[in-house]
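As numbered in the numbering used here, residues 85 to 225 make up the sequence shown, in order. Cβ atoms here follow ideal geometry from the backbone N, Cα and C, with glycine treated the same way.
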Amino acid sequence: MPKFAQRIAFIQQAKSHMPFLHMVDNTALIRLCFTLFLCIGLLSCNHLSWYGLNAIGVNITPIRELKPQQNSNTIYIQGKVEKLVPLVQRQAYQINDSTGKIWVVSNQNLKEGDHVVVKGKIRYQSIPLAGKEYGEMYLEE
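Dropping the structure here:
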């Protein structure tokens, strides 16, 4: 019983320091705190790295739908980093989103296995060899 009394005393003391709490009864305050802690607990269990936070409200384009364009608008892709190649002052990452793969040239330091959302412009590098085209599309961040 003493612990319960201490909790009530703490709530009463908190109410005296926060004027807006005078309008709330103890039951509503307890429900509010419980809801707040429940939401924080659920979010802390979620993996909200690059992938989760940046995917909110963003129009993600599947990699299979990408086509090289001369006037490339900024697009967003998301996927998993599968390979990386260090370049001079940059990195190249191969991103896989289950619909396809594309290389991304970026200044970011990512690791294999990271889930990411990348914003960039589509580029195409032509590589003609012996009369055949071996060019490839990539994304420049």
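Taken atom to atom, the span from the alpha-carbon of F121 to that of P170 is near 43 Å.
Distance from K167 to G197 at the Cβ level is roughly 11 Å; contact not present, criterion being Cβ atoms closer than 8 Å. Per DSSP, the unbroken beta strand (DSSP E) holding L171 starts and ends at T158 to L171.
Beta-bridge partners assigned by DSSP to N180: K164 and K185. Across the set A176, I124, Q153 and V188, the C-alpha of V188 shows the shortest separation from the C-alpha of I161. Remark: C-beta atoms of R207 and G184 do not approach each other more closely than 8 Å. S190 is a Cβ neighbour of E225, given a cutoff of 8 Å. If you draw a straight line from the Cα of G219 to the Cα of P152, it comes to about 11 Å.
Assigned with DSSP and collapsed to three states, Q153 falls in coil, not helix or strand.
With distances taken between CA atoms, T145 lies nearest to K203 out of A214, K203, Y177 and L213.
Here L126 is exposed, its C-beta having fewer than 16 other C-beta atoms within 10 Å.
By the beta-carbon neighbour count (other beta carbons within 10 angstroms, threshold 16), V172 is exposed. In the assembly as shown, I186 is a buried residue. Its beta-carbon has 16 or more other beta-carbons within 10 Å. Cβ contact annotation for I159 (same chain, cutoff 6 Å, sequence separation greater than five): T145, in chain order. In the same chain as S156, and ignoring 5 residues on each side of it, the C-beta atoms closer than 8 Å to its own belong to K205, I206 and R207, in chain order.
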